[in-house]
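S.K.:
Residue numbers (the working numbering): 229 to 307.
(1) Taking only three categories from DSSP, how would you classify residue 255?
(2) Pull up the CB-CB distance for residue 242 and residue 254, whole angstroms please, since I reckon it's below 8 Å.
(3) Measure the alpha-carbon distance for residue 258 versus residue 251 and round it to whole angstroms.
(4) Do you know how far the Cα of residue 266 is from the Cα of residue 229?
(5) Is the beta carbon of residue 303 sitting closer than 8 Å to the one on residue 285?
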């Protein structure tokens, strides 16, 4: 999958978990925390995206994730 396709899946899951979120705020340089997601919200998003994409990003790789762009890169690297 391309980064754009992965980002589209991520965006959809963010809006599912955070329905009050203004879609225009979802930018690659933002973190989920910046968007108002608490730790449980963030895990729900990551697990949902991984399930939909059929990938499993190891916990060790998640330590380098600090914004949506780095999450997309990690997801793509493990797809």
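Note that the Cβ used here is the ideal one computed from N, Cα and C, for glycine as well.
M.R.: The relevant details are as follows:
(1) In this structure, residue 255 counts as coil in the three-state DSSP scheme.
(2) Right, their Cβ atoms sit about 6 Å apart.
(3) Cα-Cα distance, rounded: 12 Å.
(4) Between residue 229 and residue 266, the C-alpha separation is close to 28 Å.
(5) The answer is yes: Cβ separation under 8 Å.
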